[in-house]
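Student:
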Amino acid sequence: MTEQLVITGVSKRFGGIVANESISLSVPQGSITGMIGPNGSGKTTLFNSIVGHHPVDGGSITFEGREITRLRVPQIARLGMIRTFQQTRIFGKMTCMQNMAISDADHGYGLAALLKPISGETRDRSEALLDFCGLHSKRHLLAGDLSFGQQKLLEFAMALMIRPRMLLLDEPTAGINPTLINGLIERLIRVNQDLGITLFVIEHNMRVIMNLAENIHCLAYGKLLASGTPDDIRNDERVIDAYLGGH
Amino acid sequence: MNGRGQIILGIVIVAAALAAPLVFPAFRAQIAMLWIMVLFALTWDILGGQTGYNTFGNIIFFGTGMYAAAVFQRDGGFDYFPGLFIGMGLGAVISVVLAAVLGSMILRMRGHYFAIATLGLGIAAGEIASGWNFIGAGSGMSPPLFPGAPGVSYIFFGYLFFGLALITFLILAWVYRTRFGLALNAIRDNEDKAEAMGLKTDTYKIAAWMLAALFLGLCGGAAGNMLGFIDPRDTAFAGATFGVWMVLMAILGGKGTLWGPVLGAFVFHVTQEILWTHLLGWQRVALGLIIVGIVVFFPQGILGWARTRWPERFGHRVETP
Ligand SMILES: Nc1ncnc2c1ncn2[C@@H]1O[C@H](COP(=O)(O)OP(=O)(O)OP(=O)(O)O)[C@@H](O)[C@H]1O
Ligand SMILES: [Mg+2]
Chain U
906 MTEQLVITGV SKRFGGIVAN ESISLSVPQG SITGMIGPNG SGKTTLFNSI
956 VGHHPVDGGS ITFEGREITR LRVPQIARLG MIRTFQQTRI FGKMTCMQNM
1006 AISDADHGYG LAALLKPISG ETRDRSEALL DFCGLHSKRH LLAGDLSFGQ
1056 QKLLEFAMAL MIRPRMLLLD EPTAGINPTL INGLIERLIR VNQDLGITLF
1106 VIEHNMRVIM NLAENIHCLA YGKLLASGTP DDIRNDERVI DAYLGGH
Chain H
145 MNGRGQIILG IVIVAAALAA PLVFPAFRAQ IAMLWIMVLF ALTWDILGGQ
195 TGYNTFGNII FFGTGMYAAA VFQRDGGFDY FPGLFIGMGL GAVISVVLAA
245 VLGSMILRMR GHYFAIATLG LGIAAGEIAS GWNFIGAGSG MSPPLFPGAP
295 GVSYIFFGYL FFGLALITFL ILAWVYRTRF GLALNAIRDN EDKAEAMGLK
345 TDTYKIAAWM LAALFLGLCG GAAGNMLGFI DPRDTAFAGA TFGVWMVLMA
395 ILGGKGTLWG PVLGAFVFHV TQEILWTHLL GWQRVALGLI IVGIVVFFPQ
445 GILGWARTRW PERFGHRVET P
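In order, the protein sequence lines correspond to chains U and H.
Going from the first sequence to the working numbering is simple: count from 1 and add 905.
Going from the second sequence to the working numbering is simple: count from 1 and add 144.
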């Protein structure tokens, strides 16, 4: 398998806090890769560094062989790497269908492409993806009126609308009704297998990540503690210590 | 309001607008001024309402258009009407270029920083104009006299501004239905998210401001001619009056909606004209109270309030089976 995303020695400090210390890891093309770690261990910070949200203090990041360490957020997104937010971000005063329509990237991001009425094709694809995420009956509601879990699903549907090549999902199951979590895992696997989208998933729920990911990285105190298959991670003494000690 | 309702309302307004100067000859000047107000509110709302970027500097495009047209009319050597129309076009072009240049400098700032920067630009523009001899400095400029009786000039400019407001409205109605309109709303709702989705937010914001500058530049060029005199701070770069009113009218009617700014301009202008005649000496106080009233009681504007009250009538569904 080729490595789609390669992170080499990335560090990030906030004042005195070392949020990421010389982290190196990679995400293979077509994989579902997980990232776990106690609260405050630097997982979201690493996502932010990857997508260009803030400049890193050291190290380099390549995506599909291309150096992206210094690119800005929208530029990296346009390369096909899309992230979702831990605190869920959607366009609250727009309907779900409008949220989907503005996420359609099939015609690019130029002004001329945007200055066209919303096409029937965009609408059909929006409805299909909302249906896939179980939101079809909510499609004409304002996104801000949805429950937190529904907003999370909408954000996921919006990310799919872009036809990304890699999705960085920051705790996709947090706040979702426990009875719906199995359905979400199933969807994530289908997205990975049917659409060939690589998934890099931060997850707090151990059961979820063990069922989902084929390889897992564990962070603690800003450092990469361990990497391996779910079984390796489950039985790793350092991981067990970090979780028992960290909570 | 559904599509048919809007079209019927539109036809009624157009018919009334065409008849008004003939039916109420005594109010021709106020009617012409009303359409300028509608233009102010509509153009302010592109960035201020739809995109969520409050600006107090749009007045610079109005003033720029006004001066550019007057200078062209003075130095161009054309007859009145060709001079006026070419001058308006020139003013529009300069305003649009100005919006592109200033926009690429300050539209990267977020929220209050942008608002304050635009306030500074508006004040600076007035200061520059009142110190620049080429455009009459502090003593201002007088555009050429309208050929014909004074009453006729108000009929001409009344229809000109109405036409301009109508075209602006129709273009915006179309723009807001495209994905560009959605992109502006996305920036308003969550700019970080819009960037994370790959949208070229800076480009769209600058384009939105250029669109506002285009119509304000055209409007300013004609407005200087109608008013007959250009004062750098009181007519051209009148930040404390026109510059504030455009914000208020859009908020009053309902910012971020297509009809809100139009409604706000009507209500504001009519109220203000009534106050002007009946409250001599107290207009500013009354106006100040109106401003406070708008912000306190109608933070969402008339249409915003109506929309929360009757969401179904605005096409927003609360729940679908
Ligand atoms: N913008 C910021 N400014 C200052 N400190 C920050 C900032 N972002 C993160 N931090 C700090 O960096 C550390 C790592 O935070 P981060 O959000 O990456 O953790 P996390 O692993 O995602 O935690 P959680 O599981 O709670 O989401 C924390 O100590 C946090 O307080
Ligand atoms: Mg986090």
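Just so it is clear, CB atoms sit at the ideal spot from N, CA and C, and this is done for glycine as well.
Note that the coordinates shown come from a computational prediction; the quantities given were computed from them, not determined experimentally.
#1: Once the 5 residues before and after Thr1000(U) are set aside, which same chain residues still bring their CB inside 8 Å of it?
#2: Let me confirm a value: Ser929(U) is counted as buried when at least 16 other C-beta atoms fall within 10 Å, else exposed. Which label applies?
#3: Here's a check: name, in chain order, each residue in its chain whose Cβ is nearer than 7 Å to the Cβ of Gly284(H), leaving out the five neighbours to either side.
#4: What do you reckon, are the CB atoms on Thr345(H) and Ala351(H) nearer than 8 Å?
#5: Three-state secondary structure (DSSP) at Ala1017(U)?
#6: Going by other Cβ atoms of all chains shown within 10 Å of its Cβ, with 16 needed for buried, is Tyr1014(U) buried or exposed?
#7: Using only alpha-carbon positions, find the residue among Gly920(U), Met1066(U), Thr974(U), Phe990(U) that is nearest to Ala960(U).
#8: Along the chain, where does the beta strand (DSSP E) that runs through Lys917(U) open and close?
#9: Since Gly342(H) and Ile995(U) should fall inside the 8 Å C-beta cutoff, what is the C-beta to C-beta distance between them, to a whole number of angstroms?
#10: Would DSSP call Ala163(H) helix, strand or coil?
#11: Quick check on Arg971(U): does DSSP put it in helix, strand or coil?
#12: Whose Cβ in chain U lies nearer than 9 Å to the Cβ of Arg321(H)?
#13: Three or more beta-carbon pairs under 8 Å between the region 1060-1077 of chain U and the region 983-990 of chain U, yes or no?
#14: Chain H partners of Tyr1126(U), CB-CB under 9 Å?
#15: Do you know offhand how far Asn198(H)'s Cα is from Gly1025(U)'s?
#16: Between the region 306-336 of chain H and chain U, which residues of the former have CB atoms less than 8 Å from a CB of the latter, in chain order?
#17: Can you name, in chain order, every residue of its own chain whose Cβ lies under 6 Å from the Cβ of Val911(U), other than the five neighbours on each side?
#18: Do you know how far the Cα of Leu191(H) is from the Cα of Leu392(H)?
#19: So if I measure from each beta-carbon to every heavy atom of ligand 2 and keep distances below 7 Å, which residues remain?
#20: With distances taken from CA atoms, which of Tyr1126(U), Leu1124(U), Met1111(U), Asp1146(U) is nearest Asp1136(U)?
#21: State the CB to CB distance for the pair Leu447(H) and Thr401(H), rounded to an integer number of angstroms; the pair is presumed to be in contact (CB under 8 Å).
#22: Where does the unbroken beta strand (DSSP E) through Phe1105(U) begin, and where does it stop?
#23: What residues in the region 1097-1126 of chain U bring their beta carbon closer than 9 Å to a beta carbon of chain H?
#24: Which residues of chain H have a Cβ atom closer than 9 Å to the Cβ of Val932(U), listed in chain order?
#25: Identify the contact partners of Met999(U) in chain H, using a Cβ-Cβ distance below 8 Å as the criterion.
#26: Work out the CA separation of Ile1094(U) and Ala1118(U) for me, nearest whole Å.
#27: Using the rule of at least 16 other Cβ atoms within 10 Å of the residue's Cβ for burial, across every protein chain shown, is Phe200(H) buried or exposed?
#28: Return the first residue and the last residue of the alpha helix (DSSP H) that Met181(H) is part of.
#29: Between which two residues does the alpha helix (DSSP H) harbouring Ile438(H) extend?
#30: Taking Leu289(H) as the reference, which of Ala176(H), Val240(H), Met370(H), Gln150(H) has the closest Cα?
#31: Please classify Glu456(H): is it buried, with 16 or more other beta-carbons within 10 angstroms of its beta-carbon, or exposed?
#32: Quick one: which chain U residues come within Cβ less than 9 Å of Lys349(H)?
#33: Check whether the Cβ of Leu1019(U) lies closer than 8 Å to any Cβ atom in chain H.
#34: Give me, in chain order, the residues of the same chain whose beta-carbon lies closer than 8 Å to that of Gly95(H); leave out the 5 immediate sequence neighbours on both sides.
#35: Count the other C-beta atoms from every protein chain shown that fall within 10 angstroms of the C-beta of Thr464(H), then say buried if there are 16 or more, exposed otherwise.
#36: Where are the alpha helix (DSSP H) runs, 4 residues long or more, that stay fully inside the region 932-1017 of chain U, in chain order?
Tutor: So, from the data block:
#1: In the first sequence, the residue the question calls residue 1000(U) occupies position 95. For Thr1000(U), where only same-chain residues beyond five positions count, the Cβ hits under 8 Å are Arg1044, His1045, Leu1046, Leu1047, Ala1048.
#2: Against the first sequence, residue 929(U) aligns to sequence position 24. It counts as exposed.
#3: Taking the first residue of the second sequence as position 1, residue 284(H) is located at position 140. Within the same chain, Gly284(H) has close Cβ partners Phe373, Ile374, Asp375, Pro376.
#4: Looking up residue 345(H) in the second sequence gives position 201. Looking up residue 351(H) in the second sequence gives position 207. No, they are not a contact pair.
#5: The count along the first sequence starts at 1 and reaches residue 1017(U) at position 112. Of the three classes helix, strand and coil, the one that applies to Ala1017(U) here is helix, per DSSP.
#6: As a first step, residue 1014(U) is located in the first sequence; it is residue number 109 there, counting from the start. Buried is the call here.
#7: Stepping through the first sequence from its first residue, residue 960(U) is reached at position 55. Note that residue 960(U) corresponds to Pro in the displayed sequence, not to Ala. Nearest of Gly920(U), Met1066(U), Thr974(U), Phe990(U) to Pro960(U), Cα basis: Thr974(U).
#8: Start at 1 with the first residue of the first sequence, and residue 917(U) comes out as number 12. Here the beta strand (DSSP E) through Lys917(U) covers 908-919.
#9: Translated into positions along the second sequence, residue 342(H) becomes position 198. Translated into positions along the first sequence, residue 995(U) becomes position 90. That pair is no contact at about 16 Å.
#10: Walking along the second sequence from the start, residue 163(H) turns up at place 19. Ala163(H): helix per DSSP, three-state reduction.
#11: For the purposes of this step, residue 971(U) is taken as the residue at position 66 of the first sequence. Arg971(U) falls in the strand class under three-state DSSP.
#12: As a position in the second sequence, residue 321(H) is number 177, starting the count at 1. In chain order: Pro1022, Ile1023.
#13: yes
#14: Position 221 of the first sequence, counting from 1, holds the residue named residue 1126(U). What Tyr1126(U) touches in chain H: nothing, since even the nearest Cβ is about 27 Å away.
#15: Translated into the one-based positions of the second sequence, residue 198(H) becomes position 54. Translated into the one-based positions of the first sequence, residue 1025(U) becomes position 120. Rounded to the nearest angstrom, the two C-alpha atoms are 34 Å apart.
#16: Val319, Arg321, Thr322, Arg323, Phe324, Leu326, Ala327, Asn329, Ala330, Arg332, Asp333, Asn334, Asp336
#17: As a working note, residue 911(U) is residue 6 in the first sequence. Closer than 6 Å at Cβ, skipping near neighbours: Ser931, Thr967.
#18: Residue 392(H) sits at position 248 when you count from the first residue of the second sequence. Residue 191(H) sits at position 47 when you count from the first residue of the second sequence. Each residue's alpha carbon lies about 14 Å from the other.
#19: Lys948(U), Thr949(U), Gln991(U), Asp1075(U), Glu1076(U), Ile1107(U)
#20: Along the first sequence, read from residue 1 onward, the residue named residue 1136(U) stands at position 231. Cα-wise, what sits closest to Asp1136(U) is Met1111(U).
#21: The residue you call residue 447(H) lines up with position 303 of the second sequence. The residue you call residue 401(H) lines up with position 257 of the second sequence. Contact holds; Cβ gap of about 5 Å.
#22: Indexing the first sequence from 1 puts residue 1105(U) at position 200. 1103-1107 is the extent of the beta strand (DSSP E) around Phe1105(U).
#23: none
#24: The residue labelled residue 932(U) in the question sits at position 27 within the first sequence. Result: empty, since nearest Cβ-Cβ is about 18 Å, beyond 9 Å.
#25: To locate residue 999(U), count along the first sequence from 1; it is residue 94. Per Cβ cutoff of 8 Å: Leu326, Asn329, Ala330, Asp333.
#26: The residue labelled residue 1118(U) in the question sits at position 213 within the first sequence. The residue labelled residue 1094(U) in the question sits at position 189 within the first sequence. Their Cα atoms are separated by approximately 9 Å.
#27: Here residue 200(H) refers to the residue found at position 56 of the second sequence. Result: buried.
#28: Locating residue 181(H) in the second sequence gives position 37, where the first residue counts as 1. Here the alpha helix (DSSP H) through Met181(H) covers 172-189.
#29: Stepping through the second sequence from its first residue, residue 438(H) is reached at position 294. Counting along the chain, the alpha helix (DSSP H) containing Ile438(H) begins and ends at 427-441.
#30: One-based indexing of the second sequence puts residue 289(H) at position 145. It is Met370(H) whose Cα lies nearest to the Cα of Leu289(H).
#31: Counted from its first residue, the second sequence places residue 456(H) at position 312. Exposed.
#32: Residue mapping note: residue 349(H) aligns to position 205 of the second sequence, counting from 1. By Cβ distance, chain U contributes nothing, its closest Cβ being about 12 Å from Lys349(H), past 9 Å.
#33: Locating residue 1019(U) in the first sequence gives position 114, where the first residue counts as 1. It does; some Cβ of chain H falls within 8 Å.
#34: With chain H covering only 145 through 465, there is no way to say anything about residue 95(H).
#35: Position 320 of the second sequence, counted from the start, is the residue given in the question as residue 464(H). Any reading at Thr464(H) needs caution, since the residue's pLDDT is 49, under 50, leaving its predicted position unreliable; the model's value is listed next. Thr464(H) comes out exposed.
#36: 948-955, 978-983, 1001-1008
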